[in-house]
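First comes the structure, then the notes that go with it.
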Amino acid sequence: MNSHRDNTISNITEPVTKSHYRGLSIKKMKLQCSIFFNNQCVKYGLRPKYLHIKINRELKFSASKKCLSSLYKLLLREEIRLAYHKIYTIDLKLKRLYDIMRTSLSPVSLDHILQDIFHQVDYTRNKKSLVINKKIKNLKLQKNFVVSDSQSYAIHDFKPPVLNFTNIVFDNKEMELLSKGFKFDISPSNSKQAVQNLEILAVESESILHKYSDIITNPHSLRSEIKNIIKSEKQRLIKSPYPLYNNDILLKKIKKRISENNIIITKSDKSSAMCLLNREDYNNKIKEFFNKQH
Numbered sequence: 001m002n003s004h005r006d007n008t009i010s011n012i013t014e015p016v017t018k019s020h021y022r023g024l025s026i027k028k029m030k031l032q033c034s035i036f037f038n039n040q041c042v043k044y045g046l047r048p049k050y051l052h053i054k055i056n057r058e059l060k061f062s063a064s065k066k067c068l069s070s071l072y073k074l075l076l077r078e079e080i081r082l083a084y085h086k087i088y089t090i091d092l093k094l095k096r097l098y099d100i101m102r103t104s105l106s107p108v109s110l111d112h113i114l115q116d117i118f119h120q121v122d123y124t125r126n127k128k129s130l131v132i133n134k135k136i137k138n139l140k141l142q143k144n145f146v147v148s149d150s151q152s153y154a155i156h157d158f159k160p161p162v163l164n165f166t167n168i169v170f171d172n173k174e175m176e177l178l179s180k181g182f183k184f185d186i187s188p189s190n191s192k193q194a195v196q197n198l199e200i201l202a203v204e205s206e207s208i209l210h211k212y213s214d215i216i217t218n219p220h221s222l223r224s225e226i227k228n229i230i231k232s233e234k235q236r237l238i239k240s241p242y243p244l245y246n247n248d249i250l251l252k253k254i255k256k257r258i259s260e261n262n263i264i265i266t267k268s269d270k271s272s273a274m275c276l277l278n279r280e281d282y283n284n285k286i287k288e289f290f291n292k293q294h
């Protein structure tokens with residue numbers, strides 16, 4: 001009699017409850033994977049494609065770029081917080097479903113169902129992990145990380161950015177400016193434009209907060225934090241405008257030294273380093289290269 005009752009209840013309860021329990025378990029697992037992915041993005045300063053922040057102009061100042069980076073991290077942390085809240089809600093539902101199954105099914109039937117769900121969730125997690133690891137790998141490659149097949153990551157062992165083969169000595173500040181490379185843009189070079197750039201970023205940050213208002217539960221706190229970051233950078237620029245002008249002065253000094261000493265600047269053929277050579281040595285190397293080709 002009891003066996004017949006158990007089978008009857010099992011036949012009624014099992015399909016619906018098992019399907020619901022499995023669906024919630026998979027949803028919880030995907031949220032956990034999302035938390036892992038977003039935590040990796042925060043840790044390594046990665047910018048996931050799903051969280052695209054559109055800026056209407058190029059950010060040329062480090063202060064503006066720093067604020068944008070902070071904005072990404074704030075939004076990622078908000079995504080993580082929201083995911084944890086969803087997991088908490090799912091856990092409550094899972095507990096209720098478990099209690100229903102525990103009171104209506106035999107221990108053997110319940111164990112069989114839970115094991116079956118566990119294997120399905122584990123299989124889905126493995127597939128999801130492959131996708132997430134690939135995304136992280138691609139994002140890290142964009143930031144000059146070396147990524148191995150075993151998913152362990154390390155920073156590139158770069159060669160010195162500037163190789164000076166002349167007997168002319170450049171001071172530390174001059175070498176620091178040269179090390180920024182051929183593509184470094186030092187203009188515009190005044191603090192007023194830098195401050196204006198920050199103010200534009202503040203306006204666009206407000207637009208971004210409005211765009212993500214449906215997922216941000218505490219926009220006032222987030223807005224306040226962004227405002228404080230931009231305010232501190234703005235004050236730093238206003239109080240210490242000289243480094244912006246120093247780049248112009250340094251560049252003029254470097255150009256003068258290069259011209260007076262007949263130095264040529266070229267890119268290394270074995271790396272992205274900048275090479276400083278005496279023009280005579282450079283011409284000799286060119287001749288030597290062509291002689292070897294014939």
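Read in the working numbering, the sequence shown has 276 at position 276, and its numbers run on one by one without any break. Cβ atoms here follow ideal geometry from the backbone N, Cα and C, with glycine treated the same way.
Counting C-beta atoms within 10 angstroms of its own C-beta, Arg102 has fewer than 16 neighbours from the protein chains shown and is therefore classed as exposed. As computed with DSSP, Ile263 is found in a beta bridge with Asn278. Asn38 sits buried, since 16 or more C-beta atoms from the chains shown fall within 10 Å of its C-beta. When C-alpha distances from Gln32 are compared across Leu105, Ala83, Thr124, Leu71, the shortest belongs to Ala83. Under the three-state reduction of DSSP, Asn164 is assigned to strand. In the three-state scheme derived from DSSP, where H, G and I count as helix and E and B as strand, Ala83 is classed as helix. The C-beta distance from Leu201 to Ile168 rounds to 40 Å, too long to fall under 8 Å, and the pair is not in contact. Comparing alpha carbon positions, the residue from Asn164, Lys253, Glu260 closest to Thr266 is Asn164. When C-beta atoms of the stretch 88 to 107 are compared with those of the stretch 18 to 33, three or more pairs fall below 8 Å, so the two segments count as touching. Within the same chain, and ignoring the five residues on either side of Leu177 in sequence, the residues whose Cβ sits closer than 6 Å to its Cβ are Leu250. A direct Cα-Cα distance of roughly 49 Å separates Asn262 from Asn228. For Leu46, there is no enclosing alpha helix (DSSP H), as DSSP marks it with neither H nor E. Residues of the same chain with a CB within less than 7 Å of the CB of Pro161, apart from the 5 flanking positions on each side, are Ser179, Gly181, Ala273, Met274 in chain order.
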